[in-house]
Amino acid sequence: MVLVSTLHSGWHNERISLLGTLGTPQFVVLGLGLLPALFFLQAQAWILFAVALLSWLLLFAVVALPIRERPAWLWIADGLMHMIGKSTRTDQYTAKAVGSGLSSEEATQFDLPGGLQGFEVFDGPTHAPSDMRRLCVLKDPEGGWVMVARLEHPGLSLTDPDAGDRWASALGDMLSAVARGEQLPHRVSLYVRTVPDDGAERAAWRRANSPTDVPEQVARDAEAVEASVLSQSISHEVYCAIRFRDEALVAGASRSTRRTLDSRIAAMYRALPEVTGLLTSAGCEQVTWLSKGEVAAAVRTGFNPAAAQSIQVARAAKALGFEAFDEVQPAAAGPSAAPSPHARYYDHDGFRSAAYSLILPEMGTQVGSLGPLLTPGQPGERRSLALHYEPFDDKEAFKAAEAQSTNAFLQSEMKAKRGFRVSAKTRKLRQVTASQEEILARGHTLTRMTGVAVVTVPASMPIETHMALMEASARRRKFELMRLDLAQPLGFVSGVLPFAVGMPKRRGAK
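As numbered in my numbering, residues 295 to 804 make up the sequence shown, in order.
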């Protein structure tokens with residue numbers, strides 16, 4: 295009997311039509327830009343009207359038409375900011391600890407580049423009587439509160455399809471519970487990072503222990519087996535970051551304490567047992583909520599993959615009862631230096647990273663299909679993948695489903711009534727959005743999801759070659775990768791560092 299995994303599909307872009315990509319500021323700009331053309335039309339100044347109309351069409355193209363999922367005006371703005379940053383060197387970063395000493399208070403605070411500078415870090419109370427660690431609580435620049443866990447999961451590559459489908463169903467149940475919980479996190483971010491191995495230690499052992507008097511064909515076969523085994527023998531770091539809305543934490547506290555830091559942390563701690571249970575039901579063998587030093591270690595290995603192996607060795611020794619330090623001082627978590635970012639990749643601590651936005655295949659996919667994306671193409675390469683989930687609550691889900699269904703219906707009807715051919719893609723989109731309300735009525739949840747993939751190599755290795763290998767791995771499973779040009783630092787943070795950063799703000803959300 296052949297077991298076949300379930301094909302999962304039914305997703306679509308959040309903004310369906312061209313008008314759906316425009317916000318109020320864009321409509322205001324286009325409306326004001328059309329006024330001169332209307333004025334000249336009323337005055338019957340035809341030449342001026344033609345010039346004004348052509349100018350408005352150019353304005354419409356700049357403001358409304360997307361180029362690789364971003365409007366032209368945003369490309370222009372990002373390009374200008376990139377050139378200004380490189381010319382003035384204001385986007386360069388050097389750690390405070392470089393060339394100067396730090397006070398004991400400064401050593402307990404994160405020193406990170408770019409948009410991460412706005413994060414505040416706090417020590418929570420002890421986790422439990424059996425676990426006296428003080429957990430790390432982060433506050434992001436937008437006012438959200440974040441906690442991080444390290445996960446141990448057996449993975450999907452060697453599991454049967456039934457187990458994979460059960461875990462996928464458990465993930466859906468977790469997102470459904472998160473959507474309905476008043477004081478549960480509103481965003482769940484999962485991170486998987488490979489631990490790179492340059493193969494030097496293994497090659498040295500083989501040179502010292504391999505026999506020299508073997509036939510040439512046997513040697514070639516042994517090399518092929520060695521390459522195959524090394525490409526599949528990969529260790530991973532898996533993290534989960536959960537983000538809470540500040541208003542949700544405040545709402546559950548009493549009036550006398552609702553605005554205090556302790557009340558917010560207490561509300562987050564109350565949610566941890568339920569989140570831990572939900573992660574365990576999705577196949578996680580162990581869920582460990584991290585302290586400040588452990589979060590700093592996760593950030594450090596994100597910026598410097600070479601530090602991952604030593605920290606894993608210390609963690610294993612500590613688990614066996616030996617004295618080992620597997621944490622990092624928060625001030626040492628970031629890179630020592632980061633030059634002005636390139637438009638196509640990001641330099642940090644002697645490494646280069648290229649970030650991509652993950653686009654799901656139209657025809658659907660199966661559980662475990664992202665495996666090749668997390669298989670390094672060459673020794674020394676690290677690959678990272680982050681999936682950010684943000685479920686709607688029931689009221690918002692029905693409202694969003696109704697709006698998307700109406701939008702898709704009007705789009706197809708307008709094409710049909712004007713004599714244009716309605717494509718199969720448009721018909722499929724109409725069917726998918728129309729069925730969403732029925733699916734929600736059966737108790738399912740509407741979820742926003744975004745994915746970011748990152749490849750990291752030492753600066754001495756050609757990043758373009760490894761980018762091509764990464765893109766080929768995605769095409770093999772019919773995924774599409776869109777390189778985040780002019781936004782590589784943000785893409786790196788979204789795909790590598792467990793800070794629950796990377797989900798675009800929902801229109802109309804507070």
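All C-beta atoms in this analysis are idealised placements derived from N, C-alpha and C, irrespective of residue type, glycine included.
Would you call the CB atoms of residue i and residue j closer than 9 Å?
| i | j | result |
| --- | --- | --- |
| residue 672 | residue 761 | no |
| residue 747 | residue 680 | yes |
| residue 695 | residue 730 | yes |
| residue 533 | residue 592 | yes |
| residue 595 | residue 675 | no |
| residue 386 | residue 632 | yes |
| residue 782 | residue 663 | no |
| residue 354 | residue 346 | no |
| residue 489 | residue 580 | no |
| residue 621 | residue 588 | yes |
| residue 553 | residue 544 | yes |
| residue 768 | residue 666 | yes |
| residue 677 | residue 706 | no |
| residue 652 | residue 773 | yes |
| residue 468 | residue 576 | yes |
| residue 531 | residue 486 | yes |
| residue 739 | residue 691 | yes |
| residue 650 | residue 764 | yes |
| residue 609 | residue 684 | no |
| residue 305 | residue 654 | yes |
DSSP on residue i, reduced to helix/strand/coil?
| i | result |
| --- | --- |
| residue 330 | helix |
| residue 775 | strand |
| residue 460 | helix |
| residue 784 | helix |
| residue 445 | strand |
| residue 531 | strand |
| residue 818 | With the chain represented from 295 up to 804, any question about residue 818 goes unanswered, as that position is not in the structure. |
| residue 363 | coil |
| residue 751 | strand |
| residue 745 | strand |
| residue 616 | coil |
| residue 436 | coil |
| residue 669 | coil |
| residue 705 | helix |
| residue 376 | helix |
| residue 279 | Only positions 295 to 804 of the chain appear in the structure, and residue 279 is not among them; the question remains open. |
| residue 739 | coil |
| residue 406 | coil |
Tell me whether residue i, by its Cβ, gets closer than 8 Å to a heavy atom of the ligand GTP.
| i | result |
| --- | --- |
| residue 461 | Ligands are entirely absent from the displayed structure, and the ligand GTP is therefore not among its contents. |
Go through its chain and collect everything with a Cβ distance to residue i's Cβ below 8 Å, but skip five positions before and after it.
| i | result |
| --- | --- |
| residue 508 | 516 |
| residue 540 | 437, 438, 439, 558 |
| residue 710 | 716 |
| residue 378 | 384 |
| residue 687 | 473, 474 |
With a threshold of 9 Å between beta-carbons, can residue i be considered close to chain D, or not?
| i | result |
| --- | --- |
| residue 361 | In the structure shown, chain D does not exist; there is a single protein chain. |
For residue i, collect the residues of the same chain with a Cβ closer than 7 Å to its Cβ; drop the 5 residues on either side in sequence, then sort them by chain order.
| i | result |
| --- | --- |
| residue 376 | 637, 780 |
| residue 421 | 427, 429, 583 |
| residue 383 | 634 |
| residue 458 | 299, 450, 661, 662 |
| residue 331 | 343, 346, 347, 350 |
| residue 639 | 646, 647, 648, 757, 782 |
| residue 597 | 628, 629, 642, 643 |
The beta strand (DSSP E) that contains residue i, what's its start and end?
| i | result |
| --- | --- |
| residue 653 | 645–653 |
| residue 422 | 414–422 |
| residue 769 | Residue 769 -> not in any beta strand (DSSP E); alpha helix (DSSP H) instead, spanning 757–770. |
| residue 505 | Run containing residue 505: none; DSSP gives neither H nor E here. |
| residue 580 | 580–583 |
| residue 681 | 676–685 |
| residue 484 | 481–488 |
| residue 639 | Careful: residue 639 lies outside any beta strand (DSSP E) and carries neither H nor E. |
Can you name, in chain order, every residue of its own chain whose Cβ lies under 6 Å from the Cβ of residue i, other than the five neighbours on each side?
| i | result |
| --- | --- |
| residue 604 | none |
| residue 720 | 706 |
| residue 356 | 366, 367 |
| residue 432 | 413, 415, 440 |
| residue 682 | 483, 744, 796, 797 |
| residue 399 | none |
| residue 623 | 401 |
| residue 573 | 581 |
May I ask which residues mark the beginning and end of the alpha helix (DSSP H) holding residue i?
| i | result |
| --- | --- |
| residue 734 | 718–735 |
| residue 567 | 555–575 |
| residue 349 | 340–358 |
| residue 540 | 540–545 |
| residue 794 | Looking at the DSSP string, residue 794 is not in any alpha helix (DSSP H), and its letter there is neither H nor E. |
| residue 588 | 586–597 |
Contact the stretch 783–792 vs the stretch 403–414: 3+ CB pairs below 8 Å: Touching, yes, given that three or more Cβ pairs across the two stretches are closer than 8 Å.
The stretch 477–486 touching the stretch 564–579, judged by at least three CB pairs closer than 8 Å: yes
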